[in-house]
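In this note's numbering, each residue's number is its place in the sequence shown (first place is 1) plus 72.
Report on the following structure.
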Amino acid sequence: MVDYVVNKGANVAIPNASVDLDLTFNKHPTTGDVTTRTDTDAIRRAVRNIVETNKYERPFKPNFGGSIRDLLFELDTTFKVDLVKERLKEMIEIFEPRVEGVFITLSQLNNSLDVTVFYNIRNGIRNQEINFTITRTR
């Protein structure tokens, strides 16, 4: 998707660096089309999707995702926590080429897991952070 700017009477297309669909599928108020996320918001949502997606959840991409929900109650040792951090880092670096310098912190809170992902956008904004909590549902 491109934005158009009038420059000295001529329309000039300025491509957005990143455009993804907004997974809430809300309707755009003026166009009636599905809303989109652009640039840093699109990358932030893509990183979160990678972490929250379980393996075998996406058709034709069985190795996509961090499968973090499967390990919520198995993080009883430092070794397992480090293993999960490495797996998530690897998945983000493989499936999200727009980011680099990924660093992940995990902290357990009762029956939930607080995940913080630090990353840099390639050729863009540095020191991005996304923080969210994953809880086990019955």
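Heads up, the beta-carbon is just placed ideally off N, CA and C, and yes, glycines get one too.
Here Lys-157 is not near Ile-140, since their CB atoms are 8 Å or more apart. Per DSSP, Val-106 lies in no alpha helix (DSSP H) and is assigned neither H nor E. Taking all protein chains shown into account, Leu-185 has 16 or more neighbouring C-beta atoms within 10 Å of its C-beta and is therefore buried. About 3 Å separates the CB atoms of Thr-125 and Gly-137; that is less than 8 Å, so the two are in contact. Bridge pairing for Phe-204: Val-187 [DSSP]. For Leu-178, the enclosing beta strand (DSSP E) covers residues 171-181. Pairing Arg-117 with Tyr-191, the inter-Cα distance amounts to about 13 Å. Taking all protein chains shown into account, Ile-122 has 16 or more neighbouring C-beta atoms within 10 Å of its C-beta and is therefore buried.
Under DSSP, Ile-193 takes part in a beta bridge, and its partners are Val-171. Its chain contains Val-174, Phe-175, Ile-176 as the residues whose beta carbon lies nearer than 8 Å to that of Lys-161, once the 5 sequence neighbours on both sides are disregarded; these appear in chain order. With a threshold of 16 other beta carbon atoms within 10 Å, Ile-197 falls short and is exposed. DSSP, reduced to helix, strand and coil, places Lys-157 within a helical segment of the structure shown. Look at Lys-152 here: in three-state DSSP terms it is helix.
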